[in-house]
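Notes follow the structure.
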Amino acid sequence: FPVAVFLGTAQDLALHLRDAAVRAVVLPKMRFLRYPDPGGRLNPHVDLRKVDEESSTGQRSTHTFCLYLATCDAGGETVTLDKVREPKDPMSDRFAVGACKPKRGRLFLFPHGTPHAGRPVVDVPKVLLRGECYMVPNQ
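In this note's numbering, the protein residues as written are 1 to 139.
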């Protein structure tokens with residue numbers, strides 16, 4: 001699959017997928033997430049696959065996407081980790097593989113098995129649309 005981790009705009013992703021001869025199928029049950037207060041965070045975890053209930057083949061999602069709807073100048077980064085950890089500071093930079101800063105219009109796409117977490121929000125609110133997708137060949 002041509003996208004391990006993607007960071008850019010939705011338009012950039014569409015161009016990338018077109019060049020890779022695949023298209024993303026987005027599952028219909030997306031969620032808006034809002035962190036209205038400073039300190040809101042999401043502990044380290046991996047996302048599970050979801051079944052596309054609209055697919056006759058029972059296709060399962062392979063990737064998670066986050067579309068940021070607000071910019072946070074401080075905090076709130078989605079951090080990819082080397083593995084899910086439970087030390088005193090599981091989101092320490094020494095365990096981080098990468099970080100995505102919330103910026104309005106930014107799209108972050110990654111495989112479900114990627115360990116990740118949400119760093120504490122400082123600049124509020126943090127608002128995003130989160131969902132699942134899978135890729136199919138263009139026809």
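A virtual CB, placed ideally from N, CA and C, is assigned to each residue, including glycine. Because the structure is a prediction, the values reported are computed rather than measured.
Which whole-angstrom value is the C-beta distance of residue i and residue j, which I expect to be below 8 Å?
i	j	result
Pro102	Thr71	6 Å
Gly39	Gly76	No, Gly39 and Gly76 are not in contact; Cβ-Cβ is about 10 Å, not under 8 Å.
Thr78	Cys66	6 Å
Met30	Leu107	That pair is no contact at about 13 Å.
Which same chain residues, not among the five before or five after residue i, have their C-beta less than 8 Å away from its C-beta?
i	result
Arg18	Asn138
Could you give the distance in angstroms between the alpha-carbon of residue i and the alpha-carbon of residue j?
i	j	result
Gly131	Tyr68	12 Å
Val97	Asp82	6 Å
Leu33	Arg41	11 Å
Gly105	Thr57	32 Å
Ala141	Phe95	Nothing in the structure corresponds to residue 141, since the chain is present only between 1 and 139.
Ala24	Asp93	31 Å
Met135	Thr62	8 Å
His16	Val51	25 Å
Ser55	Val26	11 Å
Asn43	Ala14	30 Å
Glu86	His116	12 Å
Cys133	Ala99	21 Å
Pull up the DSSP beta-bridge partners for residue i, would you.
i	result
His116	His45, Thr80
Arg130	Arg31, Cys66
Gly40	Beta-bridge pairing links Gly40 to no other residue.
Gly75	Val121
Arg85	Paired residues: none, contrary to the question.
Helix, strand or coil for residue i, going by three-state DSSP, please let me know.
i	result
Leu13	helix
Ala99	strand
Arg18	helix
Ala24	strand
Val121	strand
Arg94	coil
Gly8	strand
Just to confirm my understanding: we take residue i, look at its own chain, exclude 5 residues before and 5 after, and list those with CB closer than 7 Å. What are they?
i	result
Val124	Tyr35, Pro36, Asp37, Pro38
Excluding sequence positions up to five away, which residues of its chain have a Cβ less than 6 Å from the Cβ of residue i?
i	result
Arg60	Arg49, Val51
Thr114	Thr80
Phe6	Leu13, Leu109
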